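Residue numbers (the numbering used here), protein chains in the order written: chain U, 1 to 107; chain Y, 1001 to 1107. From the three backbone atoms N, C-alpha and C, an ideal C-beta is built for every residue, glycine too. In this text the structure is predicted, and so the values were computed from the model without any measurement. Below is one structure, written out as structure tokens; comments come after it.
There are 2 protein chains.
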Amino acid sequence: MITEQPTFKALADPTRRAILRQLANSDMTIAQVSNNFDMTRAAVKKHLTVLSDGGLITVRTRGRERVNALNPDGFAPVRDWLGFFEQFWDDRLTDLKTAIEKDRSND
Amino acid sequence: MITEQPTFKALADPTRRAILRQLANSDMTIAQVSNNFDMTRAAVKKHLTVLSDGGLITVRTRGRERVNALNPDGFAPVRDWLGFFEQFWDDRLTDLKTAIEKDRSND
DNA sequence: TTGACCTGATACCAAAAGGTTTCATATTTA
DNA sequence: TAAATATGAAACCTTTTGGTATCAGGTCAA
């Protein structure tokens, strides 16, 4: 609801996740990214816009080109969100352990 | 493309992520989950189906009720996917460090 | 058995998403 | 300057998505 929504939305599409993997290897212009997918440049451009909105990539201008680059920090919202659950499970395990210890002391 | 798509898709909706947080606290029937959201039971049921398809929750029958529970293992595909990028960045840092060391040895 | 209760499933709707086509604009470069 | 290159943006189309309303079926309790 806060600001994590654009990130999760950006990751929901398989084409966009594939683009991110491409960008992990090297920065690419829109045309370069387009060459790797079976769709028009306009469609790829839309995906790049969504990825940018989600903070997962950055775009810099180089002459008439736009160079897209992965933004490692953009993954933070997702990692944090997953972290909530992991923390939760850790706490649950701790509680379970405590309960067992307590039960043993009652023997 | 493999089997991670249903998981990412399930996480893309804010209502579904909210449901997961609810289920982190305790297992709930469809009716119980519905009480916490401003939409019909049918709509919530659809969301639960998507979450189940994504492997993020499990559903067990208890009489005439369906009890929905969080499935911790369901998050693995997302963690693994994120892991690829983290591994990648680690390698990049290692390469950078190596390059710097090599450069220094040339002084 | 008979209601009351919990859920499944279907039909239907409006809005969003993913694509394409087309045209305009900015940069290079011959 | 002119042509080629790289992109932005808008209009349009089809499918998916998130929701509702409605009805049928299984389960519990009096």
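In the structure shown, Arg79 of chain U adopts helical secondary structure according to DSSP, grouped into three states. Among the residues of the stretch 1067-1083 of chain Y, those with a Cβ less than 9 Å away from any Cβ of chain U are Leu1070, Pro1072, Phe1075, Val1078, Arg1079, Trp1081 and Leu1082, in the order of the chain. Between Leu51 of chain U and Ile30 of chain U, the C-beta spacing is not below 9 Å.
Taking CB atoms only, Lys46 of chain U has no neighbour in chain Y less than 9 Å away. Taking CB atoms only, Lys1097 of chain Y has no neighbour in chain U less than 9 Å away.
Annotation for Ala1069 of chain Y: the continuous beta strand (DSSP E) segment containing it runs Glu1065 to Leu1070. By the CB criterion at 9 Å, Val1078 of chain Y and Thr1007 of chain Y fall inside the cutoff. Minimum Cα-Cα distance from Gly74 of chain U among the listed residues U:Asp91, U:Gly55 and U:Ala18 corresponds to U:Gly55. In the DSSP assignment, the residues bridged to Thr1061 of chain Y are Y:Arg1066. The criterion of a C-beta distance shorter than 9 Å is not satisfied by Phe85 of chain U and Leu1011 of chain Y. Rounded to whole angstroms, the Cβ separation of Ala24 of chain U and Phe1088 of chain Y is 5 Å, and the two are in contact under 8 Å. The C-beta separation of Asn36 of chain U from Ile57 of chain U comes to about 15 Å, leaving the pair out of contact by the 8 Å criterion.
Using beta-carbon distances, Ala1024 of chain Y counts as an interface residue toward chain U, with a partner under 9 Å. Excluding five sequence positions before and after Val44 of chain U, the CB atoms of its chain that fall closer than 7 Å to its own CB belong to Ile30, Val33, Ser34 and Phe37, given in chain order. When DSSP states are grouped into helix, strand and coil, Thr40 of chain U belongs to the coil group.
Counting every other CB atom within 10 Å of its CB across the protein chains shown gives Met28 of chain U a total of 16 or more, marking it as buried. Listed by position along chain U, the residues whose Cβ is nearer than 9 Å to that of Phe1085 of chain Y are Leu20, Arg21, Ala24, Leu70, Pro72 and Phe75. In this model, Arg1060 of chain Y and Gly63 of chain U are separated by some 59 Å (Cα to Cα). When the Cα atoms are used, Glu4 of chain U and Asp1053 of chain Y turn out to be separated by approximately 22 Å. At a cut-off of 9 Å between beta carbons, Ala1043 of chain Y makes no contact with chain U.
Neighbourhood of Phe88 of chain U in chain Y, by CB distance below 7 Å: Ala1024, in chain order. By the C-beta density criterion, Asn68 of chain U is buried, having at least 16 other C-beta atoms within 10 angstroms.
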